[in-house]
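Participant:
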Amino acid sequence: MEMGLQPMVCVAQDYFQEKLIDDLRLRKTILELPDNKTEHLPGYLSLVPGMPVLLTENVATELGLSNGTRGIFHQLVYEESSADNQFQDRNFPTNTKFITQPKYALVEFPNCKLDSELAELQAKIIPIPISEQIFLFDVKELLAENVAKAAKINKKNTKISIKRKALPLIPAYSMTTHKSQGQTLGKIIIDLVMPPGPVEVASVYVPLSRVKQLDDLQIIRPFEFTALQVKPSTAQREELKRLDRIAKTTPKRFPISIIKPNEVELAHLYYLPKAHKPGIPLRPIISGLKHPTIKISKFFDDLLRTLFDQMALNSTVTSGFDLVKQQ
Numbered sequence: 011m012e013m014g015l016q017p018m019v020c021v022a023q024d025y026f027q028e029k030l031i032d033d034l035r036l037r038k039t040i041l042e043l044p045d046n047k048t049e050h051l052p053g054y055l056s057l058v059p060g061m062p063v064l065l066t067e068n069v070a071t072e073l074g075l076s077n078g079t080r081g082i083f084h085q086l087v088y089e090e091s092s093a094d095n096q097f098q099d100r101n102f103p104t105n106t107k108f109i110t111q112p113k114y115a116l117v118e119f120p121n122c123k124l125d126s127e128l129a130e131l132q133a134k135i136i137p138i139p140i141s142e143q144i145f146l147f148d149v150k151e152l153l154a155e156n157v158a159k160a161a162k163i164n165k166k167n168t169k170i171s172i173k174r175k176a177l178p179l180i181p182a183y184s185m186t187t188h189k190s191q192g193q194t195l196g197k198i199i200i201d202l203v204m205p206p207g208p209v210e211v212a213s214v215y216v217p218l219s220r221v222k223q224l225d226d227l228q229i230i231r232p233f234e235f236t237a238l239q240v241k242p243s244t245a246q247r248e249e250l251k252r253l254d255r256i257a258k259t260t261p262k263r264f265p266i267s268i269i270k271p272n273e274v275e276l277a278h279l280y281y282l283p284k285a286h287k288p289g290i291p292l293r294p295i296i297s298g299l300k301h302p303t304i305k306i307s308k309f310f311d312d313l314l315r316t317l318f319d320q321m322a323l324n325s326t327v328t329s330g331f332d333l334v335k336q337q
């Protein structure tokens, strides 16, 4: 509103038995479900150019466009529909423009691995199309309790399958600890006041470790120091003990002859059966002292090392073959 832009909200399209849900009460209830109950496709998606967003599904993992990837929303491409003007929701300002037929969103992904620009689009801007997901919804929540009991309805037979079409995006002004795992963020504000119930170590460690330096982190309110003193669970302690046991027994069960740095010899010249291609540096051949050829290698090394070192002083060749040929 402060930017002088009309509020814009994408409304998901929900289908039951391949028909668009037109019952207003059912439709409103399903649209208001949290996205963790709708396969991460939001019922309402508020969009403002320049806002941060998160992808909620894998679009092209080979390009770095996967679930949890952060981007910047630029533009929405959509079709006008008569349903846009008919749609109303008191949770949004009266001048909100509702979009019921979006086609795709143009989102900038700074870390995208796409080498070239797409036609008529700036670098790193990717069109994100509509996605489809199926989830279950329990309609018993919409029935009066006395009606449900009289009809002997239970939750086992009141779940219906809903197909949703929506953009796989959610606003990223804030995110849960779980969603931030594996990400390196810029400047962030975190809350270390834990909700009631068991506290996991990741609940504190993950948000504190999302930035490269502590100057980029602010803690929103005072918290109990005990939040930083979470003890490992019994299961975690047992797992650590198990790994320690494996570390001790594995070398005994599977003895491996490992070459040590002080037991190797670099055979730059006399182990090259043919000349290297021009411009490609030599790769040393490493042999262990217990290798069958080590005696031959040592003999040649003692005999020819001084000679080759002297010959190589003023040479630019890339192989022993070329070096000998020049002489």
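Just so you know, we're using the numbering used here here: the sequence shown kicks off at 11 and counts up by one. Using N, Cα and C, we set each Cβ at its ideal position, and we do this for glycine too. Everything numeric in this text was worked out from a predicted model, so none of it was measured.
Spatial neighbours of V240 within its chain, please: C-beta separation below 7 Å, excluding the five flanking residues on both sides.
Facilitator: Within the sequence shown, the letter at position 230 stands for residue 240. V209, V211 and V214.
Participant: Helix, strand or coil: how does DSSP classify I296 here?
Facilitator: For the purposes of this step, residue 296 is identified with residue 286 of the sequence shown, where counting begins at 1. Any reading at I296 must be qualified, since the residue scores a pLDDT of 45, below 50, and its modelled position is unreliable; no value is offered.
Participant: Are the beta-carbon atoms belonging to R80 and F119 less than 9 Å from one another?
Facilitator: Locating residue 80 in the sequence shown gives position 70, counting from the first residue. Locating residue 119 in the sequence shown gives position 109, counting from the first residue. Closer than 9 Å, so yes.
Participant: Hey, how far is the Cα of V63 from the Cα of L195?
Facilitator: Locating residue 63 in the sequence shown gives position 53, counting from the first residue. Locating residue 195 in the sequence shown gives position 185, counting from the first residue. Computed Cα separation, rounded: 13 Å.
Participant: What number of angstroms, rounded off, separates the C-alpha of E89 from the C-alpha of Y114?
Facilitator: Taking the first residue of the sequence shown as position 1, residue 89 is located at position 79. Taking the first residue of the sequence shown as position 1, residue 114 is located at position 104. The straight-line gap from Cα to Cα measures roughly 10 Å.
Participant: State the CB to CB distance for the pair I256 and L227, rounded to an integer number of angstroms; the pair is presumed to be in contact (CB under 8 Å).
Facilitator: As a working note, residue 256 is residue 246 in the sequence shown. As a working note, residue 227 is residue 217 in the sequence shown. The pair is not a contact, with the Cβ atoms about 37 Å apart (cut-off 8 Å).
Participant: What residue range does the alpha helix (DSSP H) around H188 cover?
Facilitator: Indexing the sequence shown from 1 puts residue 188 at position 178. H188 -> alpha helix (DSSP H) spans T187 to S190.
Participant: If I follow the unbroken beta strand (DSSP E) through A339, where does it start and stop?
Facilitator: Absent from the structure is residue 339, since the part of the chain shown begins at 11 and ends at 337.
Participant: Assuming F233 and V203 make a contact with CB atoms under 8 Å, what is their CB distance in whole Å?
Facilitator: Taking the sequence shown and counting its residues from 1, the one referred to as residue 233 is at position 223. Taking the sequence shown and counting its residues from 1, the one referred to as residue 203 is at position 193. Right, their Cβ atoms sit about 5 Å apart.
Participant: Tell me which residue opens and which closes the alpha helix (DSSP H) that K258 is part of.
Facilitator: To locate residue 258, count along the sequence shown from 1; it is residue 248. That run of the alpha helix (DSSP H) goes T244 to R263.
Participant: Going by DSSP, which residues form a beta bridge with K107?
Facilitator: The residue you call residue 107 lines up with position 97 of the sequence shown. Looking at the DSSP assignment, K107 forms a beta bridge with M18.
Participant: Could you work out which residue in G207, D254, F108 and Q246 is closest to A237 when comparing CA atoms only?
Facilitator: Position 227 of the sequence shown, counting from 1, holds the residue named residue 237. Cα-wise, what sits closest to A237 is G207.
Participant: Taking 9 Å as the threshold (C-beta atoms), are S141 and L86 in contact?
Facilitator: The count along the sequence shown starts at 1 and reaches residue 86 at position 76. The count along the sequence shown starts at 1 and reaches residue 141 at position 131. Cβ atoms of L86 and S141: not closer than 9 Å.
Participant: Within the continuous beta strand (DSSP E) that includes Y215, where are the two ends?
Facilitator: Looking up residue 215 in the sequence shown gives position 205. Run containing Y215: none in the beta strand (DSSP E); it sits in the alpha helix (DSSP H), A212 to L218.
Participant: Report the partner residues of D148 according to the DSSP bridge assignment.
Facilitator: By one-based count along the sequence shown, residue 148 stands at place 138. According to DSSP, D148 bridges with K169.
Participant: Which value, in whole angstroms, describes the spacing of the CA atoms of L124 and I136?
Facilitator: Position 114 of the sequence shown holds residue 124. Position 126 of the sequence shown holds residue 136. If you take the alpha carbons of L124 and I136, they lie about 9 Å apart.
Participant: Using 8 Å as the Cβ pair cut-off and three pairs as the minimum, do the stretch 182-196 and the stretch 214-225 touch?
Facilitator: Taking 8 Å as the limit for Cβ pairs, the verdict is that the stretch 214-225 does touch the stretch 182-196.
Participant: For R80, which residues does DSSP report across the bridge?
Facilitator: In the sequence shown, counting from the first residue as 1, residue 80 sits at position 70. For R80, which the question treats as bridged, DSSP gives the partners L64.
Participant: What residue range is occupied by the uninterrupted alpha helix (DSSP H) comprising I138?
Facilitator: The count along the sequence shown starts at 1 and reaches residue 138 at position 128. Not the alpha helix (DSSP H): I138 falls in the beta strand (DSSP E), residues I135 to P139.
Participant: Do the CB positions of L15 and Q23 come within less than 9 Å of each other?
Facilitator: Taking the sequence shown and counting its residues from 1, one reaches residue 15 at position 5. Taking the sequence shown and counting its residues from 1, one reaches residue 23 at position 13. The answer is no: Cβ separation not under 9 Å.
Participant: On the three-state DSSP scale, how would you describe L43?
Facilitator: Looking up residue 43 in the sequence shown gives position 33. Correct three-state label for L43: coil.
Participant: Could you check if P231 is buried or exposed, using at least 16 other CB atoms within 10 Å of its CB as the buried criterion?
Facilitator: Taking the sequence shown and counting its residues from 1, the one referred to as residue 231 is at position 221. Looking at the sequence shown, residue 231 is not Pro but Arg. Exposed.
Participant: Does DSSP classify S56 as helix, strand or coil?
Facilitator: Counted from its first residue, the sequence shown places residue 56 at position 46. DSSP places S56 in strand when its eight states are reduced to three.
Participant: For L36, which three-state DSSP category applies?
Facilitator: Position 26 of the sequence shown, counting from 1, holds the residue named residue 36. L36 falls in the helix class under three-state DSSP.
Participant: With respect to the beta strand (DSSP E) encompassing Q228, which residues constitute its N-terminal and C-terminal limits?
Facilitator: Mapped onto the sequence shown, residue 228 falls at position 218. Segment L227 to I229, the beta strand (DSSP E) holding Q228.
Participant: Assuming contact is defined by CB atoms lying nearer than 9 Å, are I170 and L131 in contact in what I supplied?
Facilitator: Residue 170 sits at position 160 when you count from the first residue of the sequence shown. Residue 131 sits at position 121 when you count from the first residue of the sequence shown. No, they are not a contact pair.
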